[in-house]
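Report on one structure; see the data block that follows.
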Amino acid sequence: MTKTKTKKYSSYWDRNAKSGGYLFKKDVMGVLISICRFVLLFGLCFLILQPILNKISVSFMAEEDLYNPIVVNIPIHFTGENYRTAATIMKYGEGLVNSTVISLTIALLQTAMCTIVGYGFARFNFPLKKLWFGCVLALIIIPPQAFSSSLYLHFSYWDFLGIVKLIKGSGINLRGSVLPYYLMSATCMGLKNGLYIYLVRQFFRNIPIDLEEAAYVDGCGMFKTFTRIMLPQSKPIITSCFLFALVWQWTDGYYSKLFLGGKVLVSTSLATVVDSLGVYIARQQGSVNEQVSVSTQLSNCILSTGTLLIVVPILMVYLFAQRAFVESIASTGIKM
Amino acid sequence: MKKKQKNKLAGLQKRKAFAGYLFTAPFIIGFLMFMIKPMFDSLYMSFCEVTLSPGSVGKKFIGLDNYYLAFRVDPDYAQYLVDEFSRMLLYSVGIIVFSFFVSLILNQEFKGRGIVRAIFFLPVILNSGVMLGLEENNYLMAQIANTVEEATAGVSMTAVLQNVLRTAGVGVRAYEWVFEIIDNIYDVAVASGIQIIIFLSGLQTIPASMYEAADIEGCTKWESLWKITFPMISSIFLVNWIYTIVDFCMRSDNDVMDKIQTVMITNLKYGPASAMSWAYFVIITAFIALTSFFISKGVYYND
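For the record, the sequence lines run as chains A and B. So the number in our numbering is just where the residue sits in the first sequence, counting from 1, plus 10. So the number in our numbering is just where the residue sits in the second sequence, counting from 1, plus 13.
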């Protein structure tokens, strides 16, 4: 029996001959396809990673290397000077602390509120639900810039139901203070919060309703059911919403500029790093009122370094929580 | 007895409705306070001449003058709008095709799939917010590109191909669009992180038995792509299309958005800025509604 088997499948070429050349053709095709796939994916991955790699190499170059056309990727004179310069200009220490505190608190607040609201939309039937959910969709679609002009004024002369005006005679100027943005986050109006609500709702809708019904039958209240039964199950979506909120808040320039303008944040200081560079260099050279022109290479180098300084913290978060980012979107099963 | 039961049920439903409102209350309050009010304010402002004085905002109704100003007087706005709109159309199609293609590849089994997927998703995190506009004027990148171009002068494959196709003379305009997308493949690849993941999740919901059955019936891979994969994830196309357009409109390196911001914050012209943003918003919404209507007609739902 074994003998016939070994004879039957004696060699690859025999088997190939038996199949009329099909086996060989199939295997060659398989190898060719995987080579093509490798080349294609390698190219595309390189395309995406190239700017970061480029920034890393540039950030270590001394100024003379920047003007040297022979130096492309590997610097001749290694230096950490760029990091020091960029960190000083961006007030990196202060910005890092501020950004961390604000991003963390805002992300926590937004995630908590969006989870609650998302659960409400997923599980309860109430009058006008469709209308309000339409509002969530509208929140996703409407760019915040579309009504920012009046929001800007709204917070310049902010008033809660006219109470303040009665006491003080005019509204409070909340622009430049942190309060409006926390208020907006607490009411799900922050950056991309519509998307988080949608994701959370989608997640809860995929969980079978039996568990909750069992809890209700056993006399568990609505809130207790939510906190004791639904929340522990929804760890993945909460984690990923939190991570998205954290990262997008970290890099956000728009809301930060509008509402947190007074604070030193890494994102807003990166946006102005090139302008500040001229002032910085002028001050270093001793001339106070003269604007020194900065070469494009140097300003680009500092810009790259500054970008790296911002990116490194979130890159670390991404490295550790990569799965949570990618799989959250995949697991919710977004459908129309 | 029956009546009592019905009453109780109604009570539960009432309680559920109440709880539903309680749960969604933060959003509803926020929407009314920070969305509806500012939106109507800005809509009203777009018909007004807004004057700022310390402590108060003066609004004088002037009809459609702001819109006239935006479209007919302002030298850039209309031009930006057309440019940005055509760019959006082109890129959205490019992004959809690209991400569909990439997700098809990433759905196959091969070594290092996790790493490749992580890299494709990386731009979602890195190229957000302030980082978006910075890539635009990357002088060094341009320099390197120039160096490469000089080194390979005349032997550029794509340039030769472009020339050949151009002289072919058929549908030159269509070729130009394709060339633009290929030239800016970086922008396309960077903008399609989320779309790839959404497509992938859709691809994984297609039961393998369908492909098996098709294979046994003698269906080639190419046929099963169009006859099984494409219809099964057609609803995902709709989601991605909407997401792509919305994402594109909200990008901070958008010319129209830039223009509105300048008019508002630098020039302090709140009226015209509101008019511009409303015009932009209405056009985009109409476009999304129109295209989704047509796409949703072709969507196939399996269940």
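Where a beta carbon is used, it is the ideal one built from N, C-alpha and C, also for glycine.
Output yes or no for whether 7 Å exceeds the beta carbon distance between residue i and residue j.
i	j	result
Leu280/A	Ser309/A	no
Ala204/B	Ile108/B	yes
Lys282/B	Asp89/B	no
Ile324/A	Val257/A	yes
Ala131/B	Pro285/B	no
Thr237/A	Glu222/A	no
Tyr129/A	Phe36/B	yes
Ser109/A	Leu318/A	no
Gln208/B	Ser112/B	yes
Pro244/B	Tyr293/B	no
Ala255/A	Ala122/A	no
Ala30/B	Phe233/A	no
Tyr93/B	Val269/B	yes
Leu119/A	Ala196/A	yes
Which residues in chain B have a C-beta closer than 8 Å to the C-beta of residue i? List them in chain order.
i	result
Val336/A	Arg130, Ala131, Phe134 and Ile210
Tyr129/A	Phe36
Asp285/A	Those within 8 Å of Asp285/A in chain B number zero; the least Cβ separation is about 13 Å.
Output the boundary residues of the alpha helix (DSSP H) element that contains residue i.
i	result
Thr315/A	Thr306 to Phe330
Pro61/A	Tyr32 to Ser69
Lys28/A	Tyr22 to Lys28
Met46/B	From DSSP, Met46/B is part of no alpha helix (DSSP H); its letter is neither H nor E.
Asn108/A	Tyr102 to Arg133
Tyr314/B	Careful: Tyr314/B lies outside any alpha helix (DSSP H) and carries neither H nor E.
Gln274/B	Asp268 to Gln274
Gly206/B	Gly206 to Gln217
Met240/A	Note, Met240/A: premise wrong, no alpha helix (DSSP H); not H, not E.
Ala292/A	Val283 to Gln295
Leu82/B	Per DSSP, Leu82/B belongs to no alpha helix (DSSP H) and is neither H nor E.
Asp200/B	Ile198 to Val203
Asp89/B	From DSSP, Asp89/B is part of no alpha helix (DSSP H); its letter is neither H nor E.
Val188/A	That residue, Val188/A, is in no alpha helix (DSSP H); it is neither H nor E in DSSP.
Per DSSP, what kind of secondary structure is residue i in: helix, strand or coil?
i	result
Thr64/B	strand
Thr12/A	Reliability fails at Thr12/A, whose pLDDT of 48 lies under 50, so the model's placement of it is uncertain and the value that follows must be treated cautiously. Note: Thr12/A maps to helix in three-state DSSP.
Met14/B	Residue placement at Met14/B is poorly supported in this model, since its pLDDT is 46, which falls under 50; the coordinates still yield a value, given next. Looking at Met14/B - three-state DSSP - the assignment turns out to be coil, as it is neither helix nor strand.
Lys27/B	helix
Leu149/A	helix
Pro267/A	Note on residue identity: the sequence assigns Lys, not Pro, to residue 267/A. Helix at Lys267/A.
Phe74/B	strand
Phe123/B	coil
Phe88/A	strand
Asn280/B	coil
Ala299/B	helix
Asn203/A	helix
Glu230/B	coil
Ala130/B	The residue you asked about is not Ala; residue 130/B is Arg in the sequence shown. Three-state DSSP puts Arg130/B in a helix.
Ala72/A	coil
Gly33/B	helix
Phe136/A	coil
Lys273/A	coil
Ile118/B	helix
Thr257/B	helix
Thr197/A	coil
Pro333/B	In the structure as shown, chain B starts at 14 and stops at 316, and residue 333/B therefore has no counterpart that could be examined.
Met346/A	Because the pLDDT at Met346/A is just 45, under 50, the model does not fix this residue reliably, and the value given afterwards should be weighed accordingly. If DSSP states are grouped into helix, strand and coil, Met346/A belongs with coil.
Arg215/A	helix
Ser247/B	helix
Which residues in chain B sit within 7 Å of residue i, going by Cβ to Cβ distance?
i	result
Val1/A	In this structure chain A extends from 11 to 346, so residue 1/A is not present and cannot be described.
Cys145/A	Phe44
Leu281/A	Leu is not the amino acid found at residue 281/A; the sequence shown has Ala there. Result: Val143.
Would you mind telling me which residues of chain B sit closer than 9 Å to residue i, beta carbon to beta carbon, in chain order?
i	result
Cys230/A	Here the premise fails: no neighbours, minimum Cβ distance about 13 Å.
Val304/A	Going along chain B, no residue has its Cβ under 9 Å from Val304/A, so there is no contact; the nearest lies around 12 Å.
For the putative contact between residue i and residue j, defined by C-beta atoms under 8 Å, what is the C-beta separation to the nearest angstrom?
i	j	result
Ser250/A	Ala132/A	At roughly 16 Å, the Cβ-Cβ gap does not stay under 8 Å, so Ser250/A and Ala132/A are not in contact.
Val283/A	Ala96/A	7 Å
Asp249/B	Ile211/B	Reading the sequence as shown, one finds Ile at residue 249/B and not Asp. About 6 Å; that satisfies the 8 Å criterion.
Trp291/B	Leu56/B	6 Å
So which residues on chain A does residue i lean against when the C-beta distance must stay under 8 Å?
i	result
Ile109/B	Correct list: empty, because the minimum Cβ distance to chain A is about 15 Å.
Ile118/B	Arg47, Leu50 and Leu51
Taking 6 Å as the line, does the beta carbon of residue i fall inside it for any heavy atom of the ligand HEM?
i	result
Phe269/A	With respect to small molecules bound, the structure shown includes none, and the ligand HEM cannot be examined in it.
Which residues in chain A have a C-beta closer than 7 Å to the C-beta of residue i? List them in chain order.
i	result
Ile42/B	Thr197
Tyr34/B	Phe136
Starting from residue i, find everything on chain A with Cβ-Cβ shorter than 9 Å and list it in chain order.
i	result
Met223/B	The premise fails here: Met223/B is roughly 18 Å from chain A at the closest Cβ pair, so nothing lies under 9 Å.
Tyr199/B	Leu57, Ile58, Gln60 and Pro61
Phe123/B	Ser44, Arg47, Phe48 and Leu51
Ile301/B	Ile151
What residues from chain E crowd round residue i, counting only those whose CB sits closer than 9 Å?
i	result
Val191/B	Absent from the structure is chain E; the protein chains it does hold are A and B.
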